[in-house]
Amino acid sequence: MFLVCSSLIWFLNNLSETYTNNATFDLKFENIPDSLLLTKTSKKQVDVKIEATGFQFLGFNFKNKEVKLDVSTVELVKGRYFIPQSVYRKQIDKQLRSMTLIEIDRDTLYFEFTRLGTKVVPVQSKLNVTLSQNHILDGPLTIVPNEVTIKGPISILDTIDGVNTVSFDLLDTTSDFSQELALYKNQDSDNITYSKNTVIVHGKVIRFSEKMVDVPIKVINLPKRYAIRTFPDVVPVLCKGSLEELKELDSTGFEVVADYNSIKDNASKTINLQLLKKPENLHSAELSENQVEYILKSQ
0 MFLVCSSLIW
10 FLNNLSETYT
20 NNATFDLKFE
30 NIPDSLLLTK
40 TSKKQVDVKI
50 EATGFQFLGF
60 NFKNKEVKLD
70 VSTVELVKGR
80 YFIPQSVYRK
90 QIDKQLRSMT
100 LIEIDRDTLY
110 FEFTRLGTKV
120 VPVQSKLNVT
130 LSQNHILDGP
140 LTIVPNEVTI
150 KGPISILDTI
160 DGVNTVSFDL
170 LDTTSDFSQE
180 LALYKNQDSD
190 NITYSKNTVI
200 VHGKVIRFSE
210 KMVDVPIKVI
220 NLPKRYAIRT
230 FPDVVPVLCK
240 GSLEELKELD
250 STGFEVVADY
260 NSIKDNASKT
270 INLQLLKKPE
280 NLHSAELSEN
290 QVEYILKSQ
């Protein structure tokens with residue numbers, strides 16, 4: 000028991016003595032100006048010699064010890080950014096608290112920066128919506144927000160005109176939806192930051208019906224010396240929309256034309272048709288025939 004106590008007293012006495020030791024600190028750079036991106040430093044570690052008591056060293060972990068350097072103190076001379084040793088020594092010394100910094104690397108720290116800019120770009124949705132049978136989208140998809148602000152090196156920003164969401168499949172959809180999607184970030188653009196990392200894609204879904212509407216054919220660009228008659232003189236248009244849209248639908252909202260100038264071969268006796276106009280609120284409209292026969296007479 001006496002031997003244990005004696006050893007303990009000896010150990011405590013030794014811990015109270017002052018010692019010096021060498022250490023290597025990893026440098027962590029903070030307070031980098033918002034307009035700059037740190038791309039390179041002359042060194043990422045610094046060698047030091049420290050004086051402290053054994054008690055202090057006992058509680059001090061030298062392995063992977065990290066010290067912080069305030070980069071806002073950087074100086075610029077002749078196009079080179081640097082922090083003198085005298086400045087970063089004081090910053091490190093403050094972080095050692097009651098320990099004494101005896102020696103430190105004498106090297107000046109040099110930095111290379113890339114100037115940053117910002118740019119507002121549109122967001123494109125990569126949401127693939129598969130609708131259940133007899134269902135359609137009621138209007139275009141909406142993206143919230145539909146624009147994001149990106150920040151990064153100006154040379155990279157100049158090559159970016161928009162950002163996409165990640166791809167996602169929404170299957171067998173029968174009702175309105177709101178889908179959160181992450182923005183796709185190219186691995187080659189690690190230095191680009193985004194004001195938003197996700198967006199919400201909204202869509203309205205309705206059940207549709209079909210209706211055939213007979214629309215008169217209008218011949219355009221016909222020379223005055225000719226008269227023309229098409230067979231038939233009306234063409235069915237297949238319309239898709241909601242029951243409310245189709246309920247009062249008639250031919251007045253449509254325009255189907257046959258352009259005389261499109262006739263290239265009189266022997267064919269057919270003329271092409273075009274659907275030039277349809278009601279705006281209608282989901283879709285298609286001609287049942289793309290051409291009809293005609294008879295041309297001189298007047």
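Under numbering that gives the first Met the number 0, the first residue of the sequence shown is numbered 0, with each subsequent residue one higher. For glycine and all other residues, C-beta sits at the position ideal for the given N, C-alpha and C. None of these values were measured; they are calculated from a predicted model.
For this session: Kindly indicate which residue of L140, S124, A51 and T40 has the alpha-carbon position closest to the one of Y80.
Result: Position 81 of the sequence shown holds residue 80. If we check each option's Cα against that of Y80, T40 comes out closest.
Exercise. What are the boundary residues of the alpha helix (DSSP H) that includes K93?
Worked result: Walking along the sequence shown from the start, residue 93 turns up at place 94. First-last of the alpha helix (DSSP H) with K93: Q84 to Q94.
Problem set entry | Same chain, Cβ closer than 6 Å to D46, five either side skipped, listed in chain order | Working through the sequence shown from its first residue, we reach residue 46 at position 47. T23 and D104.
Problem set entry | Segment contact, 8 Å Cβ cut-off, at least three pairs: the segment 151-159 with the segment 214-222 | Because the criterion of three Cβ pairs below 8 Å is not met, the segment 151-159 and the segment 214-222 do not touch.
Exercise. If you drop the 5 nearest sequence neighbours on each side, which residues of the same chain put their C-beta closer than 6 Å to that of Y293?
Worked result: For the purposes of this step, residue 293 is identified with residue 294 of the sequence shown, where counting begins at 1. Cβ neighbours of Y293 beyond the five flanking positions: I227, T229 and I270.
Problem set entry | Start-end ranges of the alpha helix (DSSP H) lying completely within the segment 231-255, minimum 4 residues | Whole alpha helix (DSSP H) segments, 4+ residues: 242-246.
Problem set entry | Unbroken beta strand (DSSP E) run spanning S208, endpoints | In the sequence shown, residue 208 corresponds to position 209, counting from 1. Its beta strand (DSSP E) spans residues S208 to I219.
Problem set entry | Contact set for Q310: own chain, Cβ-Cβ below 8 Å, skip 5 residues either direction | Since the first and last residues shown for the chain are 0 and 298, residue 310 lies out of range.
Exercise. Nearest CA to the CA of Y87: which residue from F112, I205, L35 and K27?
Worked result: Translated into the one-based positions of the sequence shown, residue 87 becomes position 88. Measuring from the Cα of Y87, the nearest candidate turns out to be K27.
Exercise. Going by the beta-carbon positions, is the gap between I49 and M98 smaller than 8 Å?
Worked result: Within the sequence shown, the letter at position 50 stands for residue 49. Within the sequence shown, the letter at position 99 stands for residue 98. In this structure, M98 lies closer than 8 Å to I49 by Cβ.
Exercise. Which residue comes first and which comes last in the alpha helix (DSSP H) that contains S154?
Worked result: Sequence index remark: in the sequence shown, residue 154 carries index 155 (1-based). Here the alpha helix (DSSP H) through S154 covers I153 to L156.
Exercise. In chain order, what residues of the same chain lie with their CB nearer than 8 Å to the CB of K223, ignoring the 5 residues before and after it?
Worked result: Stepping through the sequence shown from its first residue, residue 223 is reached at position 224. Contacts found: Q298.
Problem set entry | As assigned by DSSP and simplified to three states, the class of V70 | Indexing the sequence shown from 1 puts residue 70 at position 71. DSSP, reduced to helix, strand and coil, places V70 within a helical segment of the structure shown.
Exercise. Who does Q132 pair with in a DSSP beta bridge?
Worked result: For the purposes of this step, residue 132 is identified with residue 133 of the sequence shown, where counting begins at 1. The partner list for Q132 (beta bridge, DSSP) is empty, contrary to what the question assumes.
Exercise. Nearest CA to the CA of V198: which residue from T107, E146, S131 and L37?
Worked result: For the purposes of this step, residue 198 is taken as the residue at position 199 of the sequence shown. Just measuring C-alpha positions, the residue of T107, E146, S131 and L37 sitting nearest V198 is E146.
Exercise. Does the beta-carbon of R96 have 16 or more other beta-carbons within 10 angstroms, so that it is buried, or is it exposed?
Worked result: In the sequence shown, the residue the question calls residue 96 occupies position 97. With fewer than 16 other CB atoms across the displayed protein chains lying within 10 angstroms of its CB, R96 is exposed.
For this session: Measure the CB-CB distance between K43 and D106 and report whether it falls below 8 Å.
Result: Counting from 1 along the sequence shown, the entry for residue 43 is found at position 44. Counting from 1 along the sequence shown, the entry for residue 106 is found at position 107. Going by C-beta atoms, K43 is not nearer than 8 Å to D106.
Exercise. Can you find a C-beta in chain C that's less than 8 Å from the C-beta of S124?
Worked result: Looking for chain C here will not work: only one protein chain is present.
Exercise. Between which two residues does the beta strand (DSSP E) carrying E285 extend?
Worked result: Counting from 1 along the sequence shown, the entry for residue 285 is found at position 286. In the DSSP assignment, E285 falls within the unbroken beta strand (DSSP E) covering S283 to L286.
Problem set entry | Endpoints, the beta strand (DSSP E) within which I191 is located | What you label residue 191 is simply residue 192 of the sequence shown in a count that begins at 1. It is not in any beta strand (DSSP E) - I191 carries neither H nor E in the DSSP assignment.
For this session: Report the residue from S261, Y193, L245 and S124 whose alpha carbon sits nearest the alpha carbon of E279.
Result: Locating residue 279 in the sequence shown gives position 280, counting from the first residue. Nearest to E279 by alpha-carbon distance, out of S261, Y193, L245 and S124, is L245.
For this session: Have a look at K64 and D25 and give me their C-alpha separation to the nearest angstrom.
Result: Taking the first residue of the sequence shown as 1, we reach residue 64 at position 65. Taking the first residue of the sequence shown as 1, we reach residue 25 at position 26. Distance between the alpha carbons of K64 and D25 is about 6 Å.
For this session: Within its chain, find whatever has a CB closer than 6 Å to the CB of A273; leave out the 5 residues flanking it on each side and keep chain order.
Result: On the sequence shown, position 274 is the one that residue 273 refers to. The residue asked about is misnamed: residue 273 is Gln in this sequence, not Ala. Around Q273: V256.
For this session: Could you pull out every residue in the same chain whose Cβ sits closer than 7 Å to the Cβ of Q90, ignoring the five residues on either side in sequence?
Result: Residue numbering aside, residue 90 sits at position 91 when the sequence shown is read from its first letter. Within the same chain, Q90 has close Cβ partners L68 and D69.
Exercise. Since S124 and D171 are thought to touch, with beta carbons under 8 Å apart, how far apart are those beta carbons, to the nearest angstrom?
Worked result: For the purposes of this step, residue 124 is taken as residue 125 along the sequence shown, with counting starting at 1. For the purposes of this step, residue 171 is taken as residue 172 along the sequence shown, with counting starting at 1. Not quite, the Cβ-Cβ distance comes to about 19 Å (not below 8 Å), so this is no contact.
For this session: Work out the CA separation of F176 and K302 for me, nearest whole Å.
Result: Since the displayed the chain opens at 0 and closes at 298, residue 302 lies outside it and no answer follows.
Exercise. Is S297 helix, strand or coil when you go by DSSP?
Worked result: The residue you call residue 297 lines up with position 298 of the sequence shown. It is a strand residue.
For this session: Could you tell me the distance, in whole angstroms, from the CA atom of T117 to the CA atom of L37?
Result: By 1-based counting over the sequence shown, the position of residue 117 is 118. By 1-based counting over the sequence shown, the position of residue 37 is 38. For the pair T117 and L37, the Cα-to-Cα distance works out to about 17 Å.
Exercise. Is L136 near V204, with beta carbons less than 8 Å apart?
Worked result: Residue mapping note: residue 136 aligns to position 137 of the sequence shown, counting from 1. Residue mapping note: residue 204 aligns to position 205 of the sequence shown, counting from 1. Going by C-beta atoms, L136 is nearer than 8 Å to V204.
Exercise. Helix, strand or coil for S174 per DSSP?
Worked result: The count along the sequence shown starts at 1 and reaches residue 174 at position 175. The answer is coil: DSSP assigns S174 none of H, G, I, E or B.
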